[in-house]
Amino acid sequence: MACDRKYFAITWRIENYNFYYGTRGNGLSSSSFVIDSVKDVSWTLQIVPESGLQKEHIVFYIQSAGSPPTNSAFDVELSFFNDDDSSPSFEKSFSSSSWNCLKIFNCYIPHNQVYRKKENKFKPPETLTILCRLYNTDESFSEAWQCFTCTRIQVERTAFIGQVEEFGSIFPREKRNLAIKSASAEKQLFSLDLTLAGGIGSKENIWIEVTPVDKDFVKFCVCKVFVLDSEGMKIECGKSEMLFNKEQSENVKFLLNVTKDYLTRRYSQFLSNDILTLKFEFAFSTGVEYKRIEDSVFGNLTFFMETPIKVPSALDDLTCLLKEGVLCDTKLQTETETFKAHKSILSARSSVFKSMFTADMKEKITDCVTIEDLDAEAVRLMLMFIYSDRLEDMNLEQAKGLYFAADKYNIIALKHKCSNILKSNLQLSNCCELLLLSDRHHDEDLKKCVQGYIADYREEVFHSSQWLNLEKSNPELSIETFHAVYLGK
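Just so we're aligned, residue 1 is where the sequence shown starts under UniProt numbering, counting upward by one.
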């Protein structure tokens, strides 16, 4: 588009968009606006987060509330922004020469072009910003206009702690009912049932069944469940996203990742006086809180052609120092790549690096740390965490390499995060490997978690080739784990 063409631009900010995303098949509309060249017609932007025709696609369109002139047509520039990103995640230009059911156009946008990938799924942002520029095809607008509108999805958060008495005596398919109330609505919102099902003997799986009391009030809900130990510490044991509608006949059920057997074998930790204590944290959408035009500007809009600049945080500035190599005073050298860094920042985050740079060691004298037992990717991820305090999405192999790096350099926060990633990826195919990893790094917390997993799937694990190999390579660890599984020691 030519820069001197006047246009009408609307910036639509949708807050708590990730909660509206759950209401699949339903559309969300902006506040209505008027384009000066098309008199007596109001317009809205509309978005359907989940298309009913094309799977994993957004539907976006512009719709008029009246009958526009049949000879009108627009060129459209469309940009999508995630959260506070300064760069668009999606951009596209369209031309429209005819009307279709009073819409300028509609377009289907794949989720993977707009959303970020998290936990192997494309997750919607908390805030989605849509910038739509309209250019009159035949002639320029008389004035350039910029309109800002905001829609906020109402989200309420509440928590509930419930106790299940005589947990050990619950039999399969027996329901234990709990209720939760909203602090603001002062009424019961959900009915909760705990049931046991599946498994053999005391290995029944634990299910939570959620029933909204008023489906008109609660539209979409995210529920996290934690089991509380004897010291009141919470351990996450389940999560579910739930969509409710009037036509829905069945309640929503989801499985906790702990079994009855797992809890009863840790009686003193989780079942004091045979009472199971669970904490439920709910965040739920009750519909649109408001939508409104927040500002409008006309005239010279050169300023608004520029993409808004995100104000950087202190961690962002530190990360820039790393990426740009500014004022670096040491190097981390791997077999294939060398990374520049800052002694002070490394020392602040790692006691091992601090010792290297403050004592009369080779690293202080040469201003270089030679790393022979880590690959370049693990060192890169480690440095990014040291400077930004954030972890990128990573696979299991990357998490294991980073866990080793965190332990070697005593980066406690990083080791804890990597340990949680390893725990969440426990499977029959890798539990023996992670058990050996925890033993090598003297990580008792990770070891207990892996041993608990092995106890839950003892028959499958103890008959696997991985376990037989572990018995041969590390008989002491295999005996220790065998005792922990069967003797609770």
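Using N, Cα and C, we set each Cβ at its ideal position, and we do this for glycine too.
Apply the 10 Å Cβ neighbour rule to residue i and answer buried if 16 or more other Cβ atoms are within range, or exposed otherwise.
{"i": "L468", "result": "exposed"}
{"i": "residue 491", "result": "No answer is possible for residue 491: the residues shown for the chain start at 1 and end at 489."}
{"i": "T370", "result": "exposed"}
{"i": "S184", "result": "For S184, the predicted model reports a pLDDT of 45, less than 50, meaning its position is unreliable; a value from the coordinates is still stated below. So S184 counts as exposed."}
{"i": "N273", "result": "exposed"}
{"i": "G168", "result": "exposed"}
{"i": "I161", "result": "exposed"}
{"i": "C223", "result": "buried"}
{"i": "H416", "result": "exposed"}
{"i": "G452", "result": "buried"}
{"i": "C320", "result": "exposed"}
{"i": "Y108", "result": "exposed"}
{"i": "S98", "result": "The predicted position of S98 is uncertain, since its pLDDT is 44 and thus under 50; no value can be drawn from it."}
{"i": "N136", "result": "buried"}
{"i": "F171", "result": "exposed"}
{"i": "G52", "result": "exposed"}
Considering only DSSP beta bridges, list what residue i is partnered with.
{"i": "V210", "result": "L192 and V252"}
{"i": "H57", "result": "P110"}
{"i": "G238", "result": "V225"}
{"i": "F284", "result": "E156 and C221"}
What is the DSSP secondary structure of residue i, counted as helix, strand or coil?
{"i": "Y115", "result": "coil"}
{"i": "L271", "result": "coil"}
{"i": "K50", "result": "Strictly speaking, residue 50 in this sequence is Glu, with Lys absent from that position. It is coil, neither helix nor strand."}
{"i": "E126", "result": "coil"}
{"i": "A159", "result": "strand"}
{"i": "F244", "result": "coil"}
{"i": "N18", "result": "helix"}
{"i": "F171", "result": "coil"}
{"i": "F482", "result": "helix"}
{"i": "K279", "result": "strand"}
{"i": "D75", "result": "strand"}
{"i": "K291", "result": "strand"}
{"i": "Y262", "result": "helix"}
{"i": "E231", "result": "coil"}
{"i": "K323", "result": "helix"}
Is any beta-carbon of chain B found at less than 8 Å from that of residue i?
{"i": "Y108", "result": "This model lacks chain B altogether; it includes just one protein chain."}
Closer than 7 Å: is that where the CB of residue i sits relative to any heavy atom of the ligand COA?
{"i": "E363", "result": "Ligands displayed in this structure: none; no statement on the ligand COA is therefore possible."}
Would you tell me roughly how many angstroms separate the C-alpha atoms of residue i and residue j, rounded to the nearest one?
{"i": "Y267", "j": "T44", "result": "58 Å"}
{"i": "F286", "j": "S86", "result": "Checking the sequence shown, residue 286 turns out to be Thr, not Phe. Roughly 30 Å separates the two Cα atoms."}
{"i": "F270", "j": "A314", "result": "41 Å"}
{"i": "L263", "j": "S30", "result": "49 Å"}
{"i": "R13", "j": "D83", "result": "9 Å"}
{"i": "H342", "j": "E289", "result": "47 Å"}
{"i": "D214", "j": "C132", "result": "37 Å"}
{"i": "Q146", "j": "L78", "result": "14 Å"}
{"i": "D407", "j": "H441", "result": "7 Å"}
{"i": "K239", "j": "T259", "result": "15 Å"}
{"i": "L428", "j": "F462", "result": "10 Å"}
{"i": "K256", "j": "R265", "result": "For clarity, residue 256 is Leu in the given sequence; the question names Lys instead. About 17 Å."}
{"i": "E156", "j": "F284", "result": "6 Å"}
{"i": "S42", "j": "K121", "result": "37 Å"}
{"i": "A413", "j": "T358", "result": "22 Å"}
{"i": "M361", "j": "V352", "result": "12 Å"}
### Query
In chain order, which continuous runs of the beta strand (DSSP E) of length 3 or greater are located wholly inside the region 399-474?
none
### Query
Where are the alpha helix (DSSP H) runs, 4 residues long or more, that stay fully inside the UniProt domain "BTB" (328-395), in chain order?
Correct list: 343-349, 351-358, 362-366 and 376-388.
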